[in-house]
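*Asks:* Residue numbers (this note's numbering): 246 to 423.
What follows is a structure written as structure tokens; I'll ask about it next.
Now the structure itself:
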């Protein structure tokens, strides 16, 4: 029996994380704190781990920048800027790629239809562009991890709109809904 340990770690497939609305961004922010800690990555994206194993699968959720800094494969969306401001002000707010914060100014007012058909529909192309950029930077995209709520306006309305658009564009990719 031959174990191809190095082949396994090199064939890891990437996952793009998408956070939508207040709930999705709060869940996503905590996710990035935990996964960064597990991989030995600090709030600025620098590796300070103690074991090579921490870096073996780091490329699943992170891309490595030119400066050696690790950046989450993440797109953050909301229909109002307040949540994005909270994420940026949080402990890991500076680790994200600035152009992957996509937000509107009006909000959905806890209205699913506004998130799905009106305000969300106006912003969805910008979100999809950010998702495409992240997907195209992957060697072998496994799929998407979408964090959003089932109630309210942005997370539920725009979240379901985004999921349907991603499914159309990436029909053969995994979709994990959180």
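All residues carry an ideal CB built from backbone N, CA and C; glycine is no exception.
The structure displayed is predicted, hence computed values, not measured ones.
1. Quick one, which of 382, 266 and 292 has its alpha-carbon nearest residue 318's?
2. Going by the CB atoms, is the gap between residue 400 and residue 394 shorter than 7 Å?
3. By the DSSP assignment, the alpha helix (DSSP H) with residue 322 in it spans what residues?
4. Taking a contact to mean a Cβ-Cβ separation below 7 Å, would you say residue 321 touches residue 346 in this structure?
5. What would DSSP say about residue 298, mapped onto helix, strand or coil?
6. Determine the direct distance from the alpha carbon of residue 362 to that of residue 307, and round the result to whole angstroms.
7. Between the C-alpha atoms of residue 398 and residue 301, what's the straight-line distance to the nearest angstrom?
8. Can you tell me which of 391, 277, 410 and 403 puts its alpha carbon nearest to the alpha carbon of residue 332?
9. Provide the residue span of the beta strand (DSSP E) that contains residue 329, from first to last.
10. Check whether the Cβ atoms of residue 365 and residue 402 lie closer than 7 Å to each other.
11. Quick check on residue 411: buried or exposed, where buried means 16 or more other Cβ atoms within 10 Å of its Cβ?
12. With H, G and I counted as helix, E and B as strand and the rest as coil, what does DSSP make of residue 421?
13. For residue 360 and residue 349, I'd like the C-alpha separation in whole angstroms.
14. Measure the alpha-carbon distance for residue 356 versus residue 372 and round it to whole angstroms.
15. Go ahead and pull the three-state DSSP assignment for residue 362.
16. Per DSSP, what are the beta-bridge partners of residue 259 in this structure?
17. Run the CB neighbour count on residue 312, radius 10 Å, all protein chains shown included, and call it buried at 16 or more, exposed below.
18. Could you spell out where the alpha helix (DSSP H) holding residue 276 opens and where it closes?
*Replies:* This is what the structure holds:
1. In the chain shown, counting from the first residue as 1, residue 318 sits at position 73. Comparing Cα-Cα distances from residue 318 to each of 382, 266 and 292, the minimum goes to 382.
2. Residue mapping note: residue 394 aligns to position 149 of the chain shown, counting from 1. Residue mapping note: residue 400 aligns to position 155 of the chain shown, counting from 1. For residue 394 and residue 400, yes; Cβs fall inside 7 Å.
3. Numbered from 1 along the chain shown, position 77 holds the residue referred to as residue 322. Run containing residue 322: none in the alpha helix (DSSP H); it sits in the beta strand (DSSP E), 319 to 323.
4. Here residue 321 refers to the residue found at position 76 of the chain shown. Here residue 346 refers to the residue found at position 101 of the chain shown. Yes, the pair counts as a contact, with Cβ atoms nearer than the cut-off.
5. Residue numbering aside, residue 298 sits at position 53 when the chain shown is read from its first letter. Residue 298 falls in the helix class under three-state DSSP.
6. In the chain shown, residue 307 corresponds to position 62, counting from 1. In the chain shown, residue 362 corresponds to position 117, counting from 1. One C-alpha to the other measures close to 32 Å.
7. In the chain shown, the residue the question calls residue 398 occupies position 153. In the chain shown, the residue the question calls residue 301 occupies position 56. Take the alpha-carbon of residue 398 and the one of residue 301: they are about 38 Å apart.
8. Here residue 332 refers to the residue found at position 87 when the chain shown is read from its first residue. Of the candidates 391, 277, 410 and 403, the one whose C-alpha sits nearest the C-alpha of residue 332 is 277.
9. As a working note, residue 329 is residue 84 in the chain shown. Premise fails: residue 329 lies in the alpha helix (DSSP H), 326 to 334, not in any beta strand (DSSP E).
10. As a position in the chain shown, residue 365 is number 120, starting the count at 1. As a position in the chain shown, residue 402 is number 157, starting the count at 1. The answer is yes: Cβ separation under 7 Å.
11. Within the chain shown, the letter at position 166 stands for residue 411. Flag for residue 411 reads buried.
12. On the chain shown, residue 421 is found 176 positions in, with the first residue counted as 1. It is a strand residue.
13. Counting from one through the chain shown, the residue named residue 360 turns up at place 115. Counting from one through the chain shown, the residue named residue 349 turns up at place 104. Whole-angstrom Cα-Cα distance: 11 Å.
14. Mapped onto the chain shown, residue 356 falls at position 111. Mapped onto the chain shown, residue 372 falls at position 127. So the two alpha carbons sit approximately 19 Å from each other.
15. In the chain shown, the residue the question calls residue 362 occupies position 117. Three-state DSSP puts residue 362 in a helix.
16. The residue you call residue 259 lines up with position 14 of the chain shown. Paired residues: 386.
17. Position 67 of the chain shown holds residue 312. Burial call: exposed.
18. As a working note, residue 276 is residue 31 in the chain shown. Its alpha helix (DSSP H) spans residues 266 to 283.
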